[in-house]
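Peer 1:
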Amino acid sequence: MRELRTAHGVIQLPAFLPDATRGVVRAVDSDDLARVGVEGIVVNVLHLSSAPGASVISSLGGIGRFMGWKGVVACDSGGFQVYSLIARSANLGSVTERGFTYRLGQGRAKETLTPEKCIERQFQIGADLMFCLDYCTHPEAPEEVQRESVERTVAWARRCKEEFARRLEGVEPGEPRPMLFAVVQGGADRDLRRSCAEELLEIGFDGYGYGGWPVGSEGGLVETVEYVRELVPREFPLHGLGIGKPESIVRCVGMGYDLFDCTLPTRDARHGRLYVSTDGFATLDEEAGAFYEHVRIEDDRYRRDERPVEEGCDCPACRGYSRSYLRHLFEIGDAAGWRLATLHNLRFYARLMAGLQSRR
Ligand SMILES: [Zn+2]
5 MRELRTAHGV
15 IQLPAFLPDA
25 TRGVVRAVDS
35 DDLARVGVEG
45 IVVNVLHLSS
55 APGASVISSL
65 GGIGRFMGWK
75 GVVACDSGGF
85 QVYSLIARSA
95 NLGSVTERGF
105 TYRLGQGRAK
115 ETLTPEKCIE
125 RQFQIGADLM
135 FCLDYCTHPE
145 APEEVQRESV
155 ERTVAWARRC
165 KEEFARRLEG
175 VEPGEPRPML
185 FAVVQGGADR
195 DLRRSCAEEL
205 LEIGFDGYGY
215 GGWPVGSEGG
225 LVETVEYVRE
235 LVPREFPLHG
245 LGIGKPESIV
255 RCVGMGYDLF
265 DCTLPTRDAR
275 HGRLYVSTDG
285 FATLDEEAGA
295 FYEHVRIEDD
305 RYRRDERPVE
315 EGCDCPACRG
325 YSRSYLRHLF
335 EIGDAAGWRL
345 ATLHNLRFYA
355 RLMAGLQSRR
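When you read off a place in the sequence shown, starting at 1, and then add 4, the result is the number in this note's numbering.
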């Protein structure tokens with residue numbers, strides 16, 4: 005069995021880690037997460053630095069204590085968020101050799117994120133699994149932009165590793181310590197992906213991540229997702245950043261990916277899109293969607309439906325409530341509807357991952 009040993013417990017792989025970007029998976033609390041089988045979450049250094057502030061979290065004993073969360077915490081570097089800000093408006097951010105300068109919205113204060121600061125803050129937050137600051141690009145960006153992205157990603161990863169090592173001085177071998185992952189960039193260019201992976205492997209990290217847009221214009225995974233797994237030796241865990249559709253996860257696990265995070269199941273839940281397994285995860289057919297379907301809980305057809313969202317699901321929503329009641333909660337816009345829907349979708353993902361673990 006493949007697993008990830010961290011200072012806050014062992015995660016069976018492959019694993020799906022829901023996004024708790026701002027220190028909460030929206031609409032649910034940490035007890036709820038544990039109850040549906042979530043073992044790890046992903047927070048974001050950029051958002052937590054903005055509110056409540058990394059030093060606030062540090063003074064309160066770290067993110068685990070702050071959130072009342074006993075499981076594993078991975079921390080996103082913020083590279084993708086700054087990229088998204090710049091893509092939205094050049095006013096919101098810029099990139100130099102030093103790092104990123106950004107503001108989280110018009111009228112907000114300007115902030116800088118250097119590789120060193122990125123690691124310092126992840127230590128303050130108290131993440132078990134840290135990510136190097138990386139420079140994300142659009143897959144269709146011109147070659148010189150992709151090249152620049154790889155050069156900066158590698159240079160920043162080197163600086164992150166140095167800062168990481170500095171902060172671990174005095175930690176004895178065998179003592180619990182966080183892990184540092186680096187992100188492989190390079191867009192759709194195989195040569196750039198290869199040189200990025202090779203240089204990062206030479207610096208040496210605990211694990212790696214697939215960086216950039218994983219999904220092509222047709223909605224399927226881009227070809228470089230598989231290529232990056234070929235480039236990174238199997239002894240290293242590989243995280244598919246932002247990969248989250250159930251059929252994409254099944255495909256990536258087949259390729260040898262170990263970790264996933266995505267806002268999809270929780271965001272879908274708040275929009276009333278619930279995931280229902282069609283055969284109790286018995287087959288996990290890799291054809292898109294063949295092993296599950298969506299229940300759009302706000303649909304009128306569920307008005308008098310006494311059944312749970314999914315027969316056989318052991319989540320708090322399915323054990324206690326009917327489709328009809330859940331539909332009612334959505335209709336009146338009560339937060340309890342969001343919570344139950346989120347718990348159901350996260351339970352769906354936990355059951356999916358358990359099914360995939362048993363196949364490995
Ligand atoms: Zn359920």
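Backbone N, C-alpha and C define an ideal beta-carbon position, used for all residues, glycine too.
#1: Quick one: what's residue 98 bridged to in DSSP?
#2: Name all residues in chain order for which at least one heavy atom of ligand 1 lies closer than 6 Å to the residue's CB.
#3: Going by DSSP in three states, residue 197 sits in which element: helix, strand or coil?
#4: Tell me the start and end of each unbroken beta strand (DSSP E) in the stretch 110-137 that is at least 3 residues and wholly inside, in chain order.
#5: As a quick exercise: from 27, 275, 217, 259, pick the residue whose alpha carbon is nearest that of residue 338.
#6: So, at 6 Å on beta carbons, what are the nonlocal neighbours of residue 361 in its own chain, with the 5 sequence-adjacent residues on each side left out?
#7: Give me the Cα-Cα distance between residue 300 and residue 313, rounded to the nearest whole angstrom.
#8: Between the Cα of residue 399 and the Cα atoms of 48, 74, 265, which residue gives the shortest distance?
#9: Measuring CA to CA, which of 235, 330, 105 is closest to residue 90?
#10: Under 8 Å: do the stretch 229-240 and the stretch 156-176 share three or more Cβ pairs, one atom per stretch?
#11: Taking the C-alpha atoms as reference points, what is the distance between residue 190 and residue 220?
#12: Taking the alpha helix (DSSP H) that residue 142 falls in, what are its first and last residues?
#13: For residue 115 versus residue 102, is the C-beta distance shorter than 8 Å?
#14: Does the distance from the C-beta atom of residue 210 to that of residue 184 stay below 8 Å?
#15: Identify the residues that DSSP records as bridge partners of residue 10: which are they?
#16: Take residue 158 as the anchor and find which of 67, 204, 270, 148 has the nearest alpha-carbon.
#17: Taking only three categories from DSSP, how would you classify residue 59?
#18: Less than 8 Å between the beta carbons of residue 309 and residue 326, yes or no?
#19: Kindly provide the ranges of any beta strand (DSSP E) runs that are 3 or more residues long and lie completely inside the stretch 28-74, ordered along the chain.
#20: Taking the CB atoms as reference points, tell me whether residue 269 and residue 22 lie closer together than 8 Å.
#21: Are residue 129 and residue 60 closer than 8 Å when you measure CB to CB?
#22: Using a Cβ-Cβ cut-off of 7 Å (strictly less than) and excluding sequence neighbours within five positions of residue 307, which residues of its own chain qualify?
#23: Determine, using beta carbons only, whether residue 77 and residue 131 come nearer to each other than 8 Å.
#24: Which whole runs of the alpha helix (DSSP H) in the stretch 220-247 are 4 residues long or more, in chain order?
#25: Taking the straight line between their C-alpha atoms, what separation do you get for residue 261 and residue 251?
#26: Just how far apart, CA to CA, sit residue 111 and residue 287?
#27: Measure the C-alpha to C-alpha separation of residue 208 and residue 289 and round it to an integer number of angstroms.
Peer 2: Well, looking at it:
#1: 105
#2: 313, 314, 317, 319, 321, 322, 348, 351
#3: helix
#4: 115-117, 133-135
#5: 275
#6: 16
#7: 10 Å
#8: Any question about residue 399 goes unanswered here, given that the chain covers just 5 to 364.
#9: 105
#10: no
#11: 15 Å
#12: Unbroken run through residue 142: none, as it is neither H nor E.
#13: no
#14: yes
#15: 13
#16: 204
#17: helix
#18: yes
#19: 44-48
#20: yes
#21: no
#22: 328, 331
#23: yes
#24: 228-235
#25: 13 Å
#26: 51 Å
#27: 36 Å
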